[in-house]
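Under numbering that gives the first Met the number 0, the first residue of the sequence shown is numbered 0, with each subsequent residue one higher.
Glycine included, each C-beta is placed from N, C-alpha and C at the ideal position.
The structure presented is a predicted model; accordingly, all values stated were derived computationally and were not measured.
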Amino acid sequence: MHSFRYLQGQLHCENVNLNTLAEQHGTPLYVYSKETITDHYTRLDSALNELDHLVCYAVKANSNIAILHTIAALGGGFDIVSGGELHRVIRAGGNPGKTTFAGVGKTRAEIEFALSQGIYCFNAESEAELRHINQIAGEMGKTAPVSLRVNPNVDAKTHKYISTGKSENKFGIDFDRILDAYAAAAEDCPNLEIRGLQMHIGSQLTSVDPFVEAANKVVPLVQQLQERHHIKFFSIGGGMGIVYQDSLDSGDKTWWGNQSETERPLTIQTYANALTPILAPLKLRILLEPGRFMVGNAGALVTKVLHNKKGNAKKFVVIDAGMNDLIRPALYEGWHQIVPVNKDTTNPEEIVDIVGPICETGDFLAQDRPLAPVAEGDHLAVLSAGAYGFTMASNYNTRPLPAEILVDGTQAHVIRERQTIDDLLKGERIA
Ligand SMILES: Cc1ncc(COP(=O)(O)O)c(C=O)c1O
Numbered sequence: 000m001h002s003f004r005y006l007q008g009q010l011h012c013e014n015v016n017l018n019t020l021a022e023q024h025g026t027p028l029y030v031y032s033k034e035t036i037t038d039h040y041t042r043l044d045s046a047l048n049e050l051d052h053l054v055c056y057a058v059k060a061n062s063n064i065a066i067l068h069t070i071a072a073l074g075g076g077f078d079i080v081s082g083g084e085l086h087r088v089i090r091a092g093g094n095p096g097k098t099t100f101a102g103v104g105k106t107r108a109e110i111e112f113a114l115s116q117g118i119y120c121f122n123a124e125s126e127a128e129l130r131h132i133n134q135i136a137g138e139m140g141k142t143a144p145v146s147l148r149v150n151p152n153v154d155a156k157t158h159k160y161i162s163t164g165k166s167e168n169k170f171g172i173d174f175d176r177i178l179d180a181y182a183a184a185a186e187d188c189p190n191l192e193i194r195g196l197q198m199h200i201g202s203q204l205t206s207v208d209p210f211v212e213a214a215n216k217v218v219p220l221v222q223q224l225q226e227r228h229h230i231k232f233f234s235i236g237g238g239m240g241i242v243y244q245d246s247l248d249s250g251d252k253t254w255w256g257n258q259s260e261t262e263r264p265l266t267i268q269t270y271a272n273a274l275t276p277i278l279a280p281l282k283l284r285i286l287l288e289p290g291r292f293m294v295g296n297a298g299a300l301v302t303k304v305l306h307n308k309k310g311n312a313k314k315f316v317v318i319d320a321g322m323n324d325l326i327r328p329a330l331y332e333g334w335h336q337i338v339p340v341n342k343d344t345t346n347p348e349e350i351v352d353i354v355g356p357i358c359e360t361g362d363f364l365a366q367d368r369p370l371a372p373v374a375e376g377d378h379l380a381v382l383s384a385g386a387y388g389f390t391m392a393s394n395y396n397t398r399p400l401p402a403e404i405l406v407d408g409t410q411a412h413v414i415r416e417r418q419t420i421d422d423l424l425k426g427e428r429i430a
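Listed below in structure tokens is the structure:
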């Protein structure tokens, strides 16, 4: 489900009107629903109840400490890719002992910090990285818990920029070399404790088939590692896709708007039903690293119309949010539903490009999109912007980062203040 719906013709997040939030806090504004995040965590957790499992939320999707705190309070763990993300987890009250550390290039400082905080496991992505972690752990008089990320060479059938499990991708160790890598680690790295195996084949997967293909390919490897190295967990990564082409019609509160059960690309039940029989016989702890699934549909980017502009070839709606606030359309052709906060059921829609103020041709949030006519000052909501939205935002064109709001029922909490120009220039000086 998600908690964005029209009430009396105005779009609300839970019980809070988005027009009111935009007027109070300005635009562009990220707005998240605590109810949706809680619902998604709970659904995933209960769908997997036949497995000994731990949900390690992928912090990169949305790293605001209020979001992390919400997940920590539900019992979740975390998957991080930097020392900075570990600082966030700790600041949010998360447990480092339930935190895994992914990524192909961890620095010495990050490894030292993670070791000092007692994280659950380093997910190493190369033999060189294993040796590096081993050396640092030795110097610190510690034993580092490690797993290796396997690259199973499976096509995730998603956008090429978010496909991570093919041989040509930089991630993980090739399937046919990984047993040797474990053997070398066991033999040459006395400061490592081999704890698990990890994989992550890509993001925004809308079919369960690649997950099943990868799991079937990797499970025999897991069994060998259980026998040889007594591993304790297998992480199947994240990647569960969400619906971007949602519907808000009729104030429907269901996750998928008015789509029928069979039209849903991937439900969490389908995912759990397909994977549980493959994973349960391992009798091993299963880790998951969902990011987008947990927060994607829980967020919207609220923006204001600056003007309408008519060109010879196209009509443009110029808004105050740009690719610096939400880069998914420019970076990997991400598609977001964009709706007016004031519902218009009377005027016929026109085909427009919805563009930002950035000096780049790629600065659009939608192209050739039907939209009821909008006027200067109207608010639009870019839906399903809770994942890889704010976390990928930048200061390009010297634009301050937007504020973030977490809605909880009738309450709206400012969980990040809008950045000021002074914040943005802090640290710069004339030589
Ligand atoms: C190692 C790892 N785990 C989990 C995720 C989360 O993916 P998603 O947001 O698609 O669930 C990513 C995303 O890039 C990742 O690289």
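Compute the Euclidean distance between the alpha carbons of Gly361 and Val316, then round it to the nearest angstrom.
On the sequence shown, residue 361 is found 362 positions in, with the first residue counted as 1. On the sequence shown, residue 316 is found 317 positions in, with the first residue counted as 1. The alpha-carbon atoms of Gly361 and Val316 are separated by roughly 15 angstroms.
Nearest-angstrom Cα distance between Lys425 and Ala65?
Along the sequence shown, read from residue 1 onward, the residue named residue 425 stands at position 426. Along the sequence shown, read from residue 1 onward, the residue named residue 65 stands at position 66. For Lys425 and Ala65, the distance between alpha carbons rounds to 24 angstroms.
In angstroms with no decimal places, state the Cα-to-Cα distance between Ile89 and Gly74.
Stepping through the sequence shown from its first residue, residue 89 is reached at position 90. Stepping through the sequence shown from its first residue, residue 74 is reached at position 75. Ile89 and Gly74: Cα-Cα distance of roughly 14 angstroms.
Would you kindly work out how many angstroms separate the C-alpha atoms of Gly256 and Asn296, rounded to a whole number?
Within the sequence shown, numbered from 1, the residue matching residue 256 stands at position 257. Within the sequence shown, numbered from 1, the residue matching residue 296 stands at position 297. With a pLDDT of 40 at Gly256, under the threshold of 50, the modelled position of this residue cannot be trusted, and the question is left open.
State the Cα-Cα distance for the pair Gly171 and Val340, rounded to the nearest angstrom.
As a position in the sequence shown, residue 171 is number 172, starting the count at 1. As a position in the sequence shown, residue 340 is number 341, starting the count at 1. Approximately 43 angstroms between the Cα atoms of the pair.
Whole angstroms is fine: what's the gap from Arg227's alpha carbon to Tyr56's?
Against the sequence shown, residue 227 aligns to sequence position 228. Against the sequence shown, residue 56 aligns to sequence position 57. Approximately 29 angstroms, taken between the alpha carbons.
Could you pull out every residue in the same chain whose Cβ sits closer than 8 angstroms to the Cβ of Asp377, ignoring the five residues on either side in sequence?
Translated into positions along the sequence shown, residue 377 becomes position 378. Closer than 8 angstroms at the Cβ level, and outside the excluded window around Asp377, lie Lys303, Val304, Pro339, Val340 and Asn341.
Output the distance between the C-alpha atoms of Arg284 and Leu300, rounded to the nearest integer angstrom.
For the purposes of this step, residue 284 is identified with residue 285 of the sequence shown, where counting begins at 1. For the purposes of this step, residue 300 is identified with residue 301 of the sequence shown, where counting begins at 1. The alpha-carbon atoms of Arg284 and Leu300 are separated by roughly 37 angstroms.
Please return the same chain residues whose Cβ sits closer than 8 angstroms to the Cβ of Gly25, not counting the five positions on each side in sequence.
Position 26 of the sequence shown, counted from the first residue, corresponds to residue 25. Only Ala402 and Arg417 meet the Cβ criterion.
Ile420 versus Thr397: straight-line alpha-carbon distance, rounded:
Looking up residue 420 in the sequence shown gives position 421. Looking up residue 397 in the sequence shown gives position 398. Distance between the alpha carbons of Ile420 and Thr397 is about 8 angstroms.
Euclidean distance between Cα positions of Gly164 and Ala214:
Here residue 164 corresponds to residue number 165 of the sequence shown, with the count starting at 1. Here residue 214 corresponds to residue number 215 of the sequence shown, with the count starting at 1. So the two alpha carbons sit approximately 12 angstroms from each other.
Bounding residues of the alpha helix (DSSP H) (the contiguous stretch that carries Lys216)
Reading the sequence shown from its first residue, position 217 is the one you call residue 216. From DSSP, the alpha helix (DSSP H) with Lys216 extends over Asp208 to His228.
Need the endpoints of the alpha helix (DSSP H) that Gln116 sits in, please.
Numbered from 1 along the sequence shown, position 117 holds the residue referred to as residue 116. Per DSSP, the unbroken alpha helix (DSSP H) holding Gln116 starts and ends at Arg107 to Gln116.
Just to confirm before moving on: does the CB-CB distance between Asn152 and Asp173 stay below 9 angstroms?
On the sequence shown, position 153 is the one that residue 152 refers to. On the sequence shown, position 174 is the one that residue 173 refers to. Contact flag set, yes.
To the nearest angstrom, how far is the alpha carbon of Ala430 from that of Glu359?
Here the question's residue 430 lines up with position 431 in the sequence shown. Here the question's residue 359 lines up with position 360 in the sequence shown. Straight-line measurement puts the Cα of Glu359 at about 30 angstroms from the Cα of Ala430.
Kindly give me the distance between the Cβ atoms of Leu191 and Val145, rounded to whole angstroms, as I take these residues to be in contact under 8 angstroms.
The residue given as residue 191 occupies position 192 in the sequence shown. The residue given as residue 145 occupies position 146 in the sequence shown. With 8 angstroms as the limit, Leu191 and Val145 qualify as a contact, their Cβ atoms being about 5 angstroms apart.
Would you mind sorting Ser115 into buried or exposed? The rule is 16 or more other CB atoms within 10 Å of its CB.
Along the sequence shown, read from residue 1 onward, the residue named residue 115 stands at position 116. When all chains shown are included, Ser115 counts as exposed.
Trp254 to Val217 span [Cα, whole Å]:
Position 255 of the sequence shown, counting from 1, holds the residue named residue 254. Position 218 of the sequence shown, counting from 1, holds the residue named residue 217. Note on Trp254: pLDDT 40, under 50, position unreliable in the model; no value is reported.
Which residues in the same chain have their Cβ closer than 7 angstroms to the Cβ of Val80, if we skip the five residues on either side of it in sequence?
Residue mapping note: residue 80 aligns to position 81 of the sequence shown, counting from 1. Within the same chain, Val80 has close Cβ partners Lys59, Ala101 and Gly102.
Please report the straight-line C-alpha distance between Ala411 and Asp319, rounded to a whole angstrom.
Against the sequence shown, residue 411 aligns to sequence position 412. Against the sequence shown, residue 319 aligns to sequence position 320. Approximately 22 angstroms between the Cα atoms of the pair.
Which of the three DSSP states is assigned to Trp354 in this structure?
Against the sequence shown, residue 354 aligns to sequence position 355. Before going on, a small fix: residue 354 reads as Val here, not Trp. Of the three classes helix, strand and coil, the one that applies to Val354 here is strand, per DSSP.
Inter-residue spacing [alpha-carbon to alpha-carbon] between Gly8 and Ala329:
Residue numbering aside, residue 8 sits at position 9 when the sequence shown is read from its first letter. Residue numbering aside, residue 329 sits at position 330 when the sequence shown is read from its first letter. Answer to the nearest angstrom: the Cα atoms are 31 angstroms apart.
Quick one, which of Gly388, Arg176, Glu34 and Lys141 has its alpha-carbon nearest Leu147's?
Locating residue 147 in the sequence shown gives position 148, counting from the first residue. The option with the nearest alpha carbon to Leu147 is Arg176.
How big is the Cα-Cα spacing for Ala21 and Ser202?
For the purposes of this step, residue 21 is identified with residue 22 of the sequence shown, where counting begins at 1. For the purposes of this step, residue 202 is identified with residue 203 of the sequence shown, where counting begins at 1. Distance between the alpha carbons of Ala21 and Ser202: 31 angstroms.
Of the residues Asn150, Ile350, Ser45 and Gly298, which one's Cα is nearest the Cα of Asn63?
Here residue 63 refers to the residue found at position 64 of the sequence shown. Ranking Asn150, Ile350, Ser45 and Gly298 by Cα distance to Asn63 puts Gly298 first.
Taking the continuous alpha helix (DSSP H) assigned at Ser45, which residues delimit it?
What you label residue 45 is simply residue 46 of the sequence shown in a count that begins at 1. Counting along the chain, the alpha helix (DSSP H) containing Ser45 begins and ends at Lys33 to Ala46.
Could you tell me how far apart the beta carbons of Ile235 and Leu287 are, in whole angstroms, since I believe they sit closer than 8 angstroms?
Taking the sequence shown and counting its residues from 1, one reaches residue 235 at position 236. Taking the sequence shown and counting its residues from 1, one reaches residue 287 at position 288. With a Cβ gap of about 6 angstroms, Ile235 and Leu287 count as contacting.
Check whether the Cβ atoms of Lys105 and Leu53 sit closer than 9 angstroms, and answer yes or no.
The count along the sequence shown starts at 1 and reaches residue 105 at position 106. The count along the sequence shown starts at 1 and reaches residue 53 at position 54. No, the Cβ-Cβ distance between Lys105 and Leu53 is not below 9 angstroms.
Given Leu400 as reference, the closest of Phe389, Gly83 and Val354 once Cα atoms are compared
Indexing the sequence shown from 1 puts residue 400 at position 401. Ranking Phe389, Gly83 and Val354 by Cα distance to Leu400 puts Phe389 first.
Rounded straight-line distance, which links the Cα of Thr69 to that of Gly76:
In the sequence shown, residue 76 corresponds to position 77, counting from 1. In the sequence shown, residue 69 corresponds to position 70, counting from 1. Taking the straight line joining both Cα atoms gives about 11 angstroms.
For Val153, which of helix, strand or coil comes out of DSSP?
As a first step, residue 153 is located in the sequence shown; it is residue number 154 there, counting from the start. Val153 falls in the coil class under three-state DSSP.
For Ala123, write down the residues that DSSP places opposite it in a beta bridge.
Numbered from 1 along the sequence shown, position 124 holds the residue referred to as residue 123. DSSP lists Leu147 as partners of Ala123.
Inspect the beta-carbon positions of Tyr31 and Val294 and report whether they are closer than 9 angstroms.
Numbered from 1 along the sequence shown, position 32 holds the residue referred to as residue 31. Numbered from 1 along the sequence shown, position 295 holds the residue referred to as residue 294. In contact: Tyr31 and Val294 (Cβ atoms closer than 9 angstroms).
Flag Thr205 as yes when its Cβ comes closer than 8 angstroms to any non-hydrogen atom of ligand 2, and as no otherwise.
Here the bound small molecules are ligand 1; ligand 2 is not part of this structure.
Given this structure, state the Cα-to-Cα distance separating Gly196 from Val413, to the nearest angstrom.
What you label residue 196 is simply residue 197 of the sequence shown in a count that begins at 1. What you label residue 413 is simply residue 414 of the sequence shown in a count that begins at 1. Reading off the sequence, residue 196 comes out as Leu, not Gly. If I take the Cα positions, the gap works out to 39 angstroms.
Give the C-beta separation of Val221 and Phe233 to the nearest angstrom, bearing in mind that I take them to be a contact with Cβ-Cβ under 8 angstroms.
Locating residue 221 in the sequence shown gives position 222, counting from the first residue. Locating residue 233 in the sequence shown gives position 234, counting from the first residue. Indeed, because the Cβ distance is near 5 angstroms, the residues count as touching under 8 angstroms.
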